[in-house]
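Novice: Protein chains in written order, with this note's numbering: chain A, 1 to 332; chain B, 1001 to 1147; chain C, 2001 to 2474. Every residue, glycine too, gets a C-beta built ideally from N, C-alpha and C. Just so it is clear, the structure is predicted and the values come from calculations on it, not from any experiment.
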């Protein structure tokens, strides 16, 4: 009979030991906030809203419940960390300025990837939050939803090097950043065309001149940085060559004609913009494009990048977008 | 088994040896360049079956169309991963003949371990030899199965 | 005292008792009685080693359920998914079954708690017992329910094998069912008639080299107590066992026999196959065909390059899944049984056999066992071996909480795809040769010496092996 009781004791003890592991874990918890990443369709981030104080480290333990994700905080311009299924990535954030920060997923994890966002409310008992400066398109009073079509477009891709070889001087008024930000390439072409000094040039040659002037507002470093941002955030819909034919384009386009809202996104999505189309691109100003980027497409499937990109990053991205219209190739 | 039937086993072994090592005339196709664009989505490759000739220079452009996917080919030491919007490309010379499975290397969901495709380099002689061996095994089973 | 007369097979065995083994002319294959080896006998006679292994298994089983429900949601990184469907399944298919038939049953933890309640104790039977001790309904005997259970698992396999929560609930359900059935029915009703693993382990154990067997039936005939039958948790009287398919190798009869008249034999492979046919059962043919059919389907779904097939198997409840489920059932219930019946019918015709077709189909089941066993081994090798590297990961961090039990080392694994390919071909060739041999002996034992080769059934084997090779190697 003693044998029997010892055996029973072993079974009960063994089971108690194994059950106590998850129980103890739940009672004790772990140090730091455990944050689970899931595809937006399956719930996105959990938890979604965090609070922190200026100067106080915020320790996060990140893990994924389905596929590969990434984590970054918008506006901070810090490298993203990878989150892989069943791996725990530790990250410590220290905020220097109060405000409402947006953290987001950095790897495309579905059509709704960009909906994987959450907020960190950073407070500071000492200082008050500065009111944000309104973006340029608001200050200019641009209606970025207005349809815009260039009536004149170049016959071929304008090339900056051909423009440079024309060796013409261009008035200072067209060659400063304020002009660049608030005007469209078509504005510049129309202005130059009407100048007496360029009457001898063909329409295409004026476009080449426009390309040269336009691209002088961007640097190769800016374009390179913009290219990386584009590949990671935009190419999945707008296409790697900017033609609006990315891997999700057909899914987004399917939301246009249906009377129901697009099942996977819950809205009337439309085909992504084609940056190789001169009709729309040459009639858009950098301020206009920046507005589209930071505000988003308001129900078209275009995310709002305002909380994510820094202002510099938006200009880098726009600098890269012009390379779909103008050849920046260097020729001797 | 009776010892005086040792020659039965010699015959069977000889036949098996023939089936396994019999040379097959290789098709004399001139190597060419081939490019495949594979759309990877959960949990399939499209196309999933790639046919090339031995010696071909093969380029695979891998485009992920929903989540991050990867690709590795058994028997060829190759690996790549592709994020949606960032097509990845690998090139290699198909210098090993046979059929090789390729599969996903990035956890892409529950069925991820079973996301596969295959690369067929030349004729799949292994399959025909295997079927030959099974036929031989059938014969051996009947022959040696007498009481 | 005993209910022996209620066992249908008792008449046959009574005959065996009347005509002792020693007087029969049948050539008895050579066997080695492992129970004669002193240290092994000591280990088996003592209940502790087996009890401790079962307890470790039970603790591991409960731990597995906990990780399934609380651990990582990602199948390929979940302890339960990997340990059950990769590690355990591989060990079962490549170790326990081919080496010892039902040997897994001897250490299976699932019936332990139920049996504790049913018997009133773990090591010895107690006075305070719990249960209704009903007899299992006669109509439900055989492996029909197990076949059905296996088909059910097959229909949902893509989800069960990859979703930790589903795996967790399936394991819990089996556990609860085993406990519940111990309380309602007598003996190991769950193991004998419900557990799908028990179903095919038992069937294939006919081909495998371990058996528990009475040494001298005359000794049993003279022994009135039948202590072995009293001790058997499965309710089996060892003298009456025709083959090893029902015996769970728990060793209780060896421990109970006062005359030391039971042997744990090591015997040649296939000893129970192709003998003069008294034990053939139609339900076994059915289960054997289902095992063959599901090996084909699983190879196509999990190892094939067809994404649409994977998705339709995975998206439960969708229209595509309904088509997949219908196809899966049609293959297993209509197509394979149909082709097999046709082959046997053709054989009956050309051999002018007077046996009823049903009986012939039941007999031919034995020929399907080696092929099925080795096809499953081949499938398991290509299914599980390339994924063994996942085992290290889940042992390192069973709950996905960032533990590092083994350190962070994730070494590179060698590419074994060519070796696997060769093994698959060898295994399938062995299966076909063995099945052909069994088939040949079966037709000889049917008495048609002038036409000893069952060509239609051989063609069936060849077509099946060809299709299987096309899926694995093609």
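#1: Which residues of the stretch 2276 to 2310 of chain C have a Cβ closer than 8 Å to any Cβ of chain B? Give them in chain order.
#2: For the ligand NAP, is there a heavy atom less than 7 Å away from the beta-carbon of residue 212 of chain A?
#3: Please confirm whether residue 1046 of chain B has its beta-carbon closer than 8 Å to some beta-carbon of chain C.
#4: Determine the DSSP secondary structure at residue 1045 of chain B, reduced to helix, strand or coil.
#5: Quickly, what does DSSP pair residue 302 of chain A with across the bridge? List them, please.
#6: Tell me, please, which residues DSSP counts as bridged to residue 100 of chain A.
#7: Give me the subset of the stretch 1092 to 1116 of chain B whose CB atoms are less than 8 Å from a CB atom of chain A, sorted by chain position.
#8: On the three-state DSSP scale, how would you describe residue 49 of chain A?
#9: Determine the burial state of residue 56 of chain A: buried for a count of at least 16 other Cβ atoms within 10 Å of its Cβ, exposed for fewer.
#10: May I have the straight-line CA-CA distance separating residue 2122 of chain C from residue 2054 of chain C, to the nearest angstrom?
#11: Taking the beta strand (DSSP E) that residue 90 of chain A belongs to, which residues open and close that run?
#12: Count the other C-beta atoms from every protein chain shown that fall within 10 angstroms of the C-beta of residue 208 of chain A, then say buried if there are 16 or more, exposed otherwise.
#13: Checking 8 Å against the spacing of the C-beta atoms, do residue 2272 of chain C and residue 2213 of chain C come in under that value?
#14: Does the stretch 1053 to 1070 of chain B come into contact with the stretch 1025 to 1044 of chain B, if we say contact requires no fewer than three beta-carbon pairs (one atom in each stretch) closer than 8 Å?
#15: Under 7 Å Cβ-Cβ, which residues of chain C neighbour residue 1049 of chain B?
#16: Threshold first: 4 residues or longer. Then list the alpha helix (DSSP H) segments lying entirely within the stretch 2075 to 2154 of chain C, N to C.
#17: Tell me the start and end of each unbroken alpha helix (DSSP H) in the stretch 166 to 223 of chain A that is at least 4 residues and wholly inside, in chain order.
#18: Assuming residue 269 of chain A contacts residue 244 of chain A under a Cβ cut-off of 8 Å, what Cβ separation, rounded to an integer in Å, is found between them?
#19: Quick one: measure Cβ to Cβ for residue 108 of chain A and residue 1067 of chain B, integer angstroms, because I've assumed they're closer than 8 Å.
#20: At a Cβ threshold of 8 Å, is residue 1148 of chain B touching chain C?
#21: Is residue 2004 of chain C helix, strand or coil by DSSP?
#22: So, at 6 Å on beta carbons, what are the nonlocal neighbours of residue 2068 of chain C in its own chain, with the 5 sequence-adjacent residues on each side left out?
#23: Under 7 Å Cβ-Cβ, which residues of chain A neighbour residue 2051 of chain C?
#24: By Cβ distance, which residues of its chain are closer than 6 Å to residue 242 of chain A, with the 5 residues on each side in sequence left out?
#25: Determine the burial state of residue 2139 of chain C: buried for a count of at least 16 other Cβ atoms within 10 Å of its Cβ, exposed for fewer.
#26: What's the call for residue 176 of chain A, buried or exposed, on a 16-neighbour Cβ count within 10 Å?
#27: From the DSSP output, in three-state form, read off residue 2453 of chain C for me.
#28: Can at least three beta-carbon pairs, one atom from the stretch 2112 to 2128 of chain C and one from the stretch 2147 to 2165 of chain C, be found at a separation below 8 Å?
#29: When you compare the CB positions of residue 2314 of chain C and residue 2158 of chain C, do they come within less than 8 Å of one another, or not?
#30: Shorter than 8 Å from the beta carbon of residue 1087 of chain B to some beta carbon of chain A?
#31: Select from the stretch 57 to 69 of chain A all residues with a C-beta closer than 9 Å to any C-beta belonging to chain C, and list them in chain order.
#32: Between residue 1059 of chain B and chain A, is there a C-beta pair that is closer than 8 Å?
#33: Suppose you measure from the CA of residue 1055 of chain B to the CA of residue 1030 of chain B; what does that come to, to the nearest Å?
#34: Per the DSSP calculation, residue 1103 of chain B is bridged to which residue(s)?
#35: Quick one: which unbroken alpha helix (DSSP H) runs of 4-plus residues sit fully inside the stretch 2303 to 2367 of chain C? Chain order, please.
#36: For chain A, check one thing: does any of its Cβ atoms lie closer than 8 Å to the Cβ of residue 2123 of chain C?
Specialist: To lay it out plainly:
#1: Going along the stretch 2276 to 2310 of chain C in chain order, one finds 2301, 2302, 2303, 2304, 2305, 2306, 2307, 2308, 2310 with a Cβ nearer than 8 Å to chain B.
#2: Within the structure as shown, the ligand NAP is missing, as the structure has no ligands at all.
#3: Flagged as an interface residue toward chain C: residue 1046 of chain B, by a C-beta distance shorter than 8 Å.
#4: In the structure shown, residue 1045 of chain B falls within a strand segment according to DSSP collapsed to helix, strand and coil.
#5: According to DSSP, which records beta bridges pairwise, residue 302 of chain A is partnered with nothing at all.
#6: Answer is A:121.
#7: Listed by position, the residues of the stretch 1092 to 1116 of chain B near chain A (Cβ gap below 8 Å) are 1106, 1107, 1108, 1109.
#8: Correct three-state label for residue 49 of chain A: strand.
#9: Exposed, since its Cβ has fewer than 16 Cβ neighbours within 10 Å.
#10: Using only the alpha carbons, I get a separation of about 11 Å.
#11: It spans 89 to 93 - the beta strand (DSSP E) in which residue 90 of chain A sits, taken as one unbroken run.
#12: Of the residues assessed, residue 208 of chain A falls on the buried side of the cut-off, its CB having 16 or more other CB atoms within 10 angstroms.
#13: It is not a contact, given that the beta carbons lie outside the stated cut-off.
#14: Yes, they touch.
#15: Listed by position along chain C, the residues whose Cβ is nearer than 7 Å to that of residue 1049 of chain B are 2305.
#16: Listed in chain order, they are 2097 to 2100, 2103 to 2107, 2112 to 2119.
#17: Taken in chain order, the complete alpha helix (DSSP H) segments of 4 or more residues contained in the stretch 166 to 223 of chain A are 177 to 182, 185 to 194, 203 to 215.
#18: 13 Å between Cβ atoms; not a contact.
#19: Contact flag correct, Cβ pair sits at about 7 Å.
#20: For chain B, the structure presents residues 1001 to 1147; residue 1148 of chain B sits outside this window and is missing.
#21: Any reading at residue 2004 of chain C must be qualified, since the residue scores a pLDDT of 40, below 50, and its modelled position is unreliable; the value itself is stated next. If DSSP states are grouped into helix, strand and coil, residue 2004 of chain C belongs with the helices.
#22: These residues qualify, in order along the chain: 2080, 2164, 2167, 2168.
#23: Ordered by position in chain A, the residues that pass the 7 Å Cβ test against residue 2051 of chain C are 7.
#24: If you ignore the 5 residues before and after residue 242 of chain A, its C-beta comes within less than 6 Å of the C-beta of 275, 276, 324, all in its own chain and listed in chain order.
#25: Label assigned to residue 2139 of chain C: exposed.
#26: If you draw a 10 Å sphere on the C-beta of residue 176 of chain A, you find fewer than 16 other C-beta atoms in it, and that means exposed.
#27: The three-state reading of DSSP puts residue 2453 of chain C in coil, since its state is none of H, G, I, E or B.
#28: Touching, no.
#29: The answer is yes: Cβ separation under 8 Å.
#30: True, the Cβ-Cβ gap to chain A drops below 8 Å.
#31: Going along the stretch 57 to 69 of chain A in chain order, one finds 61, 63, 64, 65, 66, 67 with a Cβ nearer than 9 Å to chain C.
#32: Closer than 8 Å: no.
#33: Distance between the alpha carbons of residue 1055 of chain B and residue 1030 of chain B is about 8 Å.
#34: Per DSSP, B:1072, B:1116.
#35: Whole alpha helix (DSSP H) segments, 4+ residues: 2307 to 2314, 2319 to 2330, 2336 to 2351.
#36: Output row for residue 2123 of chain C: interface = yes.
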